[in-house]
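Contents: one structure, followed by commentary.
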Amino acid sequence: MADTMIKLTNVHKSFGDLRVLSGVSLSVEKGQVVSIVGPSGSGKSTVLRCVNGLEKIDRGIVEIEGVIVAAIGEEGVTPDSREKIRSVLSKTGMVFQSFNLFPHMTALQNVTEAPVIVKKMSKAGARELGMEKLRRVGLEDKAGSYPSRLSGGQKQRVAIARALAMDPDVMLFDEPTSALDPELVGEVLDVIKSLARERMTMIIVSHEMGFTREVSDRVIFVDNERIVADSPPDAFFGNPEHPRVAAFLDKMLN
Numbered sequence: 020m021a022d023t024m025i026k027l028t029n030v031h032k033s034f035g036d037l038r039v040l041s042g043v044s045l046s047v048e049k050g051q052v053v054s055i056v057g058p059s060g061s062g063k064s065t066v067l068r069c070v071n072g073l074e075k076i077d078r079g080i081v082e083i084e085g086v087i088v089a090a091i092g093e094e095g096v097t098p099d100s101r102e103k104i105r106s107v108l109s110k111t112g113m114v115f116q117s118f119n120l121f122p123h124m125t126a127l128q129n130v131t132e133a134p135v136i137v138k139k140m141s142k143a144g145a146r147e148l149g150m151e152k153l154r155r156v157g158l159e160d161k162a163g164s165y166p167s168r169l170s171g172g173q174k175q176r177v178a179i180a181r182a183l184a185m186d187p188d189v190m191l192f193d194e195p196t197s198a199l200d201p202e203l204v205g206e207v208l209d210v211i212k213s214l215a216r217e218r219m220t221m222i223i224v225s226h227e228m229g230f231t232r233e234v235s236d237r238v239i240f241v242d243n244e245r246i247v248a249d250s251p252p253d254a255f256f257g258n259p260e261h262p263r264v265a266a267f268l269d270k271m272l273n
């Protein structure tokens with residue numbers, strides 16, 4: 020039986036009077052690559068932020084690797100201990116569209132900071148790990164460079180290396196290429212494709228339709244606060260059942 024890595028049950032989320040998610044339920048199995056697409060403002064990024072606790076849900080249940088990290092308004096269900104939640108969240112990597120690198124630290128220091136502080140790794144061990152992860156994303160030669168000296172694509176690859184340095188079980192990508200110049204998009208997508216080949220469990224919010232089709236096991240379409248479609252990429256792109264999906268793809272692909 021497949022291991023469920025991420026499970027959302029009946030998740031609701033509003034920002035003030037603006038309702039963003041209404042009863043979203045979703046599960047992601049170990050080794051799956053699930054892409055979330057949809058129009059701007061449809062709640063795609065909010066789904067990711069509810070998974071890793073960056074946004075507090077208003078109602079529903081969020082589970083990561085069987086640990087209940089949030090449970091509100093569901094009778095008889097309560098979150099697990101803070102220790103368990105902290106442990107499972109530390110194995111959930113997140114890559115944002117805006118890089119979020121520390122500008123006063125080199126690429127290597129950005130990658131090694133969390134293993135030293137969170138995992139109490141020795142500086143020598145963290146340096147070895149950091150170089151390995153920078154090598155993994157093709158940036159070993161930029162270890163001593165500060166973010167101001169890196170291109171957008173290089174910064175995003177450092178951000179991916181930083182997430183990988185925590186040895187995550189799950190990776191969440193929130194529009195990882197949307198802040199990049201078009202010619203730099205490919206180098207970031209190539210790194211994510213290589214993770215997919217290694218069967219890293221991933222949820223990717225993206226507007227890159229060709230990439231989504233190539234890399235995903237499932238494509239989820241979010242619109243009007245809800246999941247409208249959840250299907251394999253061939254069916255999603257080749258034979259969309261929902262008219263809203265068909266209209267979206269027509270606009271994105273033509």
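Residue numbering for the sequence shown follows my numbering, beginning at 20 and increasing consecutively.
Each residue gets a CB set at the ideal place from its N, CA and C atoms; glycine is no exception.
Identify every residue that forms a DSSP beta bridge with H250. The sequence given here places Ser at residue 250; His does not occur at that position. In DSSP, S250 forms a bridge with V238.
Is it right to say A143 is buried, meaning 16 or more other beta carbons lie within 10 angstroms of its own, or is it exposed? exposed
Since K152 is in the alpha helix (DSSP H), which residue starts that stretch and which ends it? K142 to R155
If you check the beta carbons only, do F240 and I25 fall under 9 angstroms apart? no
Along the chain, where does the beta strand (DSSP E) that runs through R29 open and close? Arg is not the amino acid found at residue 29; the sequence shown has Asn there. T23 to F34 is the extent of the beta strand (DSSP E) around N29.
So what does DSSP say about I87, is it helix, strand or coil? strand
By how many angstroms is the C-alpha of A90 removed from the C-alpha of V204? 37 angstroms
So, are the CB atoms of A182 and V114 less than 9 angstroms apart? yes
Between the alpha carbons of R78 and D36, how many angstroms are there, rounded? 15 angstroms
Is there contact between the stretch 109-123 and the stretch 156-164, where contact requires at least three CB pairs shorter than 8 angstroms? no
For K270 and R263, I'd like the C-alpha separation in whole angstroms. 11 angstroms
One or two residues paired with V53 in a DSSP bridge: I222 and R237
E132 (DSSP reduced to helix, strand or coil): helix
Beta-carbon within less than 6 angstroms of L127's beta-carbon, same chain only, minus the 5 sequence neighbours each way: which residues are those? G149 and A162
What residue does the beta strand (DSSP E) around R38 start on, and which one ends it? L37 to E48
Whether I222 touches I179 by CB criterion (9 angstroms): no
As assigned by DSSP and simplified to three states, the class of E102: helix
Neighbourhood of T65 by C-beta distance below 8 angstroms, restricted to the same chain and skipping five residues each side: K32, V39, L40 and E74
Tell me where the beta strand (DSSP E) around M113 begins and ends. T111 to V114
Opening and closing residue of the beta strand (DSSP E) in which F192 lies: V189 to D193
Flag D209 as yes if its beta-carbon sits less than 9 angstroms from any beta-carbon of chain B, otherwise no. The chain inventory of the structure shown lacks chain B, comprising one protein chain alone.
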